[in-house]
Amino acid sequence: MTSVTWAQVLAWRMRRQFIDSPGDASAVQITRRLAGVQAQVASSAALAVAVRQAAPETGAVARALLDERTLVKTWAARGTLHLLPADEAAAYLVLSAAVRNWEKPVWQRNFGATPADLEAIAEAARDALADGSILTREELTTAVVDKTGSRHLADVLGSGWSTLLKPLAWWGVLCQGPPQGTRVTFTSPERWLPGWTGLPPVEDAARTVIHAFLGAHGPATPDMFDNWLMRKLNRKKDVKSWFAAAEDGLSTVEVDGVQMYVLREHLDELLATEPSTSVRLLGAFDQYVLGAGTSATYLVPAERRKDVSRAAGWISPVVLHEGRVAGVWEAKGGDLAVTPFEDIPAAPLKNELSRLAALLS
């Protein structure tokens with residue numbers, strides 16, 4: 006079987022993800038290429054886009070979200086907020102919903118809601134947003150509680166953890182609307198997004214999402230895909246069926262003795278890729294790291310994982326050398342301080358620090 010090294014894979018991923026060669030791609034094009042951009046921290050999402058552009062535009066993400074509505078912010082992979090291309094978002098929602106964690110007794114005990122409660126909440130939320138209303142979390146909670154009488158769920162509904170709202174997002178009931186100051190709002194994607202056509206069949210969703218994932222984070226196994234999508238909580242038979250639905254256009258390649266999937270159209274380019282020697286800086290929660298996961302030892306040294314994946318789910322800003330995570334960095338008093346894991350070439354590191362400092366300012 007045709008084989009490549011991890012050094013080749015990482016170099017190819019950096020090129021595909023606009024890391025090694027930032028260009029003129031728009032916020033929407035970058036988000037589409039990365040299979041979404043995690044947006045739990047809005048500034049990190051904006052930096053993830055800007056660092057991939059040769060000439061970043063201030064406010065480009067906000068314009069795409071609020072003015073053009075070509076991006077949407079909603080819960081998707083791993084139950085975290087993401088920026089998604091508006092015309093593909095529904096596919097990500099369908100696969101995210103497949104986890105069905107609300108059917109598990111432990112989930113129901115922890116949050117005091119049954120599947121029947123969720124169905125009633127979804128119906129109430131759909132009614133409250135049906136006319137295109139844009140409601141704050143507090144307003145949406147009041148509307149849902151008033152209609153369902155589920156006052157015992159008011160605290161969970163109003164919580165910033167949004168546990169009960171995530172399934173509603175995956176069902177296409179709501180997405181985030183324009184913020185009101187520091188308060189988030191919710192609205193109906195059917196009303197908010199031009200061209201919204203509802204949720205696609207799961208087979209179509211699988212093809213869209215798997216091909217997008219492999220186009221940025223491949224080669225990968227189904228298990229690696231599921232780790233990215235929902236931390237391996239999906240049923241194995243579901244993941245297998247998704248890859249079967251997506252098989253047209255896929256090929257295989259061996260990486261470090263393991264057979265993995267890659268898009269057929271990318272195979273020759275991958276095989277011809279030479280290992281990278283570059284030094285690059287990426288912000289917190291960057292998709293380059295999240296796509297592989299911090300447990301991927303080919304990317305993050307096992308003994309350094311705690312420096313990258315920190316308390317409360319924080320994913321550190323990283324320094325890449327030859328495609329690997331070779332250190333972390335943070336902003337301190339206007340300067341960028343690097344904690345290296347290995348020797349990093351001084352000149353390219355200095356250039357990257359200057360570039361990032363300009364972006365952050």
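Sequential numbering from 6 applies to the sequence shown in our numbering. In this text, a Cβ means the ideal position worked out from N, Cα and C, and glycines have one as well. Keep in mind that this is a model prediction, so the values were computed, not measured.
Pick from the options that is closest to residue i, judged by C-alpha positions
i, options, result
"Arg-329", "Thr-299, Ser-256 and His-87", "Thr-299"
"Ala-363", "Gly-220, Leu-234, Ala-221 and Thr-63", "Thr-63"
"Gly-186", "Pro-205, His-157 and Thr-141", "Thr-141"
"Ala-250", "Asp-273, Trp-107 and Pro-206", "Pro-206"
"Ile-24", "Ala-135, Ser-321, Thr-282 and Ala-317", "Thr-282"
"Thr-146", "Arg-131, Gly-137 and Asn-232", "Arg-131"
"Ser-167", "Val-244, Ala-148 and Phe-191", "Phe-191"
"Arg-360", "Gly-137, Ala-60, Ala-225 and Ala-32", "Ala-60"
"Trp-233", "Glu-279, Ile-215 and Ala-69", "Ile-215"
"Phe-290", "Asn-106, Ser-48 and Asp-273", "Ser-48"
Cβ pair residue i, residue j closer than 9 Å
i, j, result
"Leu-198", "Cys-180", "yes"
"Val-324", "Ile-349", "yes"
"Ala-30", "Leu-88", "no"
"Ala-174", "Thr-153", "no"
"Trp-247", "Leu-204", "no"
"Val-104", "Leu-238", "yes"
"Thr-213", "Ala-96", "yes"
"His-5", "Gly-318", "Lying before the first or after the last residue shown, residue 5 is absent from the chain, which here runs from 6 to 366."
"Leu-158", "Ala-94", "no"
Buried or exposed by the 16-neighbour rule on C-beta atoms within 10 Å, applied to residue i
i, result
"Gln-43", "buried"
"Val-111", "exposed"
"Gln-292", "buried"
"Gly-288", "buried"
"Thr-79", "buried"
"Met-6", "exposed"
"Lys-171", "buried"
"Pro-345", "exposed"
"Gly-339", "exposed"
"Asp-253", "exposed"
Enclosing beta strand (DSSP E) for residue i [first to last residue]
i, result
"Ser-256", "255-260"
"Phe-191", "190-192"
Segment limits, alpha helix (DSSP H) that includes residue i
i, result
"Trp-11", "11-21"
"Ser-359", "351-365"
Quiz item: What are the start and end residues of each continuous alpha helix (DSSP H) run of 4 or more residues lying completely inside the region 30-118, in chain order?
Solution: 32-38, 47-55, 94-102 and 110-116
Quiz item: Counting only runs that start and end within the region 109-173, where is the alpha helix (DSSP H) found for 4 or more residues in a row?
Solution: 110-116, 120-134, 142-153 and 159-163
Quiz prompt | Segments of 4+ residues assigned as alpha helix (DSSP H) that fall wholly inside the region 265-347 | solution = 272-277, 292-297 and 310-313
Quiz item: Which runs of the alpha helix (DSSP H) spanning at least 4 residues fall entirely within the region 219-252, listed in chain order?
Solution: 227-235 and 241-250
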